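Here the structure is laid out as C-alpha cells; the discussion comes afterwards.
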Amino acid sequence: MNYETVIGLEVHVELKTEAKVFCGCAARFGSEPNTHVCPGCLGMPGALPVLNKKAVELCIKAGLALQCRIAPFSRFDRKQYFYPDLPQAYQITQDDLPLCTGGKLKIVNPGGEERIIRINRIHLEEEAGRTYHSGIGATGYSLLDFNRSGLALIEIVTEPDLRSPAEARIFLEKLQEILRYVEVSDCKMEEGSFRCDANISVHPAGSQEFGRRMELKNLNSFKAIQAALAYEENRLGSLLAAGTPPVQEESRGWDETRGMTFFMRPKEKASDYRYFPDPDLPPLVIAEEWVEKIREDLPELPEEKKNRYMKEYGLSAQDADLLGGSRETAEFFEATLRLYPGEAKTVANWVMGEFARLLNLEKLTPAQSKLKPEALAAMLQMIDAGEISGKIAKTVFEEMFYSGKSPREIVEEKGLVQISDESQLAALVRGILAKHPGPVADYRAGKTKALGFLVGQVMKETKGKANPGLVNKLLREELEK
Ligand SMILES: [Zn+2]
C-alpha cells in the first residue's frame, strides 16, 4: 500500500532585540549565568511586564516578509505550566489573537516542483530560562540560568502543507534565509536562536483523513530534523502496514547517536495549559501607518533579488540563487558592480569563487572580511587594462583578502605587473624557441598542440607575469617565419 506523509512545523525564533521582551535586561548570548536578570524576568511577585516596542516591530517585520496579515488588535495570554526554568510558572504568549496570521512561503521541492507552504500564524512570546542537567538520579543536580528568561521570541506555525522530510528541510532553510535577510534574527541553530518542533503523520494514499500526529521535539540541526522525520515517516508507515496504527498522539524525542526517535509523553492539548488573557498587559493595538512604514523599510527579499539578477544581469538561476541567498553577499556583489563597469558575470564569478572559498576557509562573512568592493572593482579594472593577468589576479585577490591592501599597492610591492612590453617578450620568446627545437619542429610539421607547451614555457619563465595574449601572438609570428 502507498502512504502519504503530512508535516507541519513550529519554529521558534529569538528576535534580535537589545533588551528582553517584558523587561529592560540585556538580551545577550554567552554571558556568565544569571548576570542579565531582574525581578521581572525572575518572576518575583509584584514585578510588572512592560512590552518592548522593538520586539513588536520585528514580529511585524517577520509577518510582512512572510506575507501575513498584521492584526490591528491582538492580545497576550498566560500559558500555564510548571518547570524550574519558568519562574512565573506561566509563559506570556499569544493564544487566540496572534499578531500575524495567514502568510505563505514558496519553496521548490527536490522534484523541482514549486510548492506554496501556508503560514498559519506568527505570535510573539517570551523565552524560558535554561536548565543544565548534570548526572542522573540521586547523585545528579541541575543548574538554572535565567539570562535567557524573557528574551523576545516568535513562534511561526505552518499549516500541515509539507509532504516529505526533504521539503521540511528546504522550507526551514528558506525561512532562515528570509529572517536573516530582514534582520529579524541571526537564526543560529547552534546557539538555539532558531529551533524547530515538527508534527508528522502518515495515512494511506487517497484517504481523506490524516493519521495520528507525532510531535518531534528538540531537533537542533537541519540534518537532525530531516533524519528524525525520515525515521518517523518509516516507523509510522510500518505501524500502518502491520495494521497497528498509533493509538495516541505523542511527543517524541530524537536520539542522534542511535538515529531513532523515542517516546517522551502523550502530547498535551491546548486546554491543558489553561490559557487566559494576561491581566498585566493591555491588548496590543497596532496603527496601520506603523505597519506601512515597516513594510516600506523592508529590503528587497531574496526571491525578488534573484529574479532581478537573472533579468538585469543575465545570470543563471543557480548563480542568482547563490548570490542572492545571503544579504551580505548580495550587498557585496551589488556594491562591486556599481564601481565596476564591466560584465556582471565576471564580478559574480569572483564573488562566488575565490571570495566564497576564502570566506569559507576563514569562517568569515563578507562584511567581516578585510576585502572591500572598492578593491575588487579596482582589481577587475586592472585585469581589463592588461596590467595584470587573470592568473596573477588570483594571487593579488588572496593578498587583498588577508591584508586589506589595494590591488595597486600589492602589485607594486610584489612586482606583479604584467609584462606587456613587446620587445622584452619577443626576446624571451626567441630564447624559449631556441631551447626547445623539438616542439618547434612539431609545430612546423603541423602539430599545433606544441604551441600550448611553448606558451607554458614562457609563462613559467616569467612566473606567470607575461601577457598571455601577446605571448601567443609573438610565438605564432616567430614560428611561422
Ligand atoms: Zn529582566
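Going by my numbering, the first residue of the sequence shown is number 25, and it counts up by one from there.
Here a beta-carbon is modelled for each residue, glycine too, at the ideal position from N, C-alpha and C.
Fair warning: this is a prediction, and the values are worked out from it, not measured in the lab.
- Can you give, in chain order, each stretch of the beta strand (DSSP E) that sits fully within the segment 129–157 and has at least 3 residues? 138–150
- Task: Identify the continuous beta strand (DSSP E) that holds SER225 and give its terminal residues.
- Result: Here the question's residue 225 lines up with position 201 in the sequence shown. That run of the beta strand (DSSP E) goes 218–228.
- Message: What does the alpha-carbon distance come out to for the pair ASP44 and GLY70?
- Response: Locating residue 44 in the sequence shown gives position 20, where the first residue counts as 1. Locating residue 70 in the sequence shown gives position 46, where the first residue counts as 1. The residue asked about is misnamed: residue 44 is Lys in this sequence, not Asp. If you take the alpha carbons of LYS44 and GLY70, they lie about 18 Å apart.
- Task: Pick out the complete alpha helix (DSSP H) segments inside the segment 74–136, 4 residues or longer, and give them in chain order.
- Result: 77–89
- Item | Beta carbon of SER209 nearer than 7 Å to that of LYS40 | For the purposes of this step, residue 209 is taken as the residue at position 185 of the sequence shown. For the purposes of this step, residue 40 is taken as the residue at position 16 of the sequence shown. Yes. Within cutoff.
- Message: Going by C-alpha to C-alpha distance, which of GLY470, MET68, LEU382, LYS329 sits closest to SER427?
- Response: Here residue 427 refers to the residue found at position 403 of the sequence shown. Comparing Cα-Cα distances from SER427 to each of GLY470, MET68, LEU382, LYS329, the minimum goes to LEU382.
- Spatial neighbours of ASP408 in its chain, beta-carbon cut-off 8 Å, leaving aside the 5 residues before and after: The residue given as residue 408 occupies position 384 in the sequence shown. The beta carbon of ASP408 sits closer than 8 Å to those of GLY366, all from its chain and outside the five residues before and after it, given in chain order.
- Paired residues, beta bridge with PHE287 - DSSP: On the sequence shown, residue 287 is found 263 positions in, with the first residue counted as 1. Beta-bridge pairing links PHE287 to ARG276.
- Compute the Euclidean distance between the alpha carbons of LEU263 and ARG332, then round it to the nearest angstrom. Taking the sequence shown and counting its residues from 1, one reaches residue 263 at position 239. Taking the sequence shown and counting its residues from 1, one reaches residue 332 at position 308. Taking the straight line from one Cα to the other gives about 48 Å.
- Query: Along the chain, which unbroken stretches of the alpha helix (DSSP H) at least 4 residues long are found entirely within the segment 306–335?
  - Reply: Those alpha helix (DSSP H) runs which fall completely within the segment 306–335 and span 4+ residues are 312–321.
- Contact under 7 Å by Cβ, LEU88 with THR182: To locate residue 88, count along the sequence shown from 1; it is residue 64. To locate residue 182, count along the sequence shown from 1; it is residue 158. Their beta carbons are not under 7 Å apart, which means LEU88 does not touch THR182 by this criterion.
- Task: Could you tell me if GLU239 is buried or exposed, where buried requires 16 or more neighbouring beta carbons within 10 angstroms of its beta carbon?
- Result: The residue labelled residue 239 in the question sits at position 215 within the sequence shown. GLU239 comes out buried.
- Message: Suppose only complete runs of 3+ residues qualify. What are the beta strand (DSSP E) ranges in the segment 155–184, listed by chain order?
- Response: 165–169, 176–182
- In whole angstroms, what is the alpha-carbon distance linking ARG500 and LEU457? Counting from one through the sequence shown, the residue named residue 500 turns up at place 476. Counting from one through the sequence shown, the residue named residue 457 turns up at place 433. For ARG500 and LEU457, the distance between alpha carbons rounds to 11 Å.
- Message: Distance check for LEU168 and ASP345, CA to CA, integer angstroms please.
- Response: Indexing the sequence shown from 1 puts residue 345 at position 321. Indexing the sequence shown from 1 puts residue 168 at position 144. Cα to Cα, the separation comes out at about 42 Å.
- Message: Nearer than 6 Å: is that true of the beta carbon of GLY153 relative to any heavy atom of ligand 1?
- Response: Sequence index remark: in the sequence shown, residue 153 carries index 129 (1-based). No.
- Close-in-space but distant-in-sequence residues of the same chain around PHE246 (CB under 8 Å, 5 per side omitted): Numbered from 1 along the sequence shown, position 222 holds the residue referred to as residue 246. Result list for PHE246: ARG193, LEU196, GLU197, MET213, in chain order.
- Query: Whole-angstrom Cβ separation of GLY267 and LYS241, contact assumed at under 8 Å?
  - Reply: Walking along the sequence shown from the start, residue 267 turns up at place 243. Walking along the sequence shown from the start, residue 241 turns up at place 217. The pair is not a contact, with the Cβ atoms about 28 Å apart (cut-off 8 Å).
- Message: Residues in the same chain with beta-carbon distance under 7 Å from ARG99, minus the five sequence neighbours each way, listed in chain order, please.
- Response: Along the sequence shown, read from residue 1 onward, the residue named residue 99 stands at position 75. Excluding residues up to 5 positions away in sequence, GLN118, LEU121, PRO301, PRO307, LEU308 lie with their Cβ nearer than 7 Å to the Cβ of ARG99 in the same chain.
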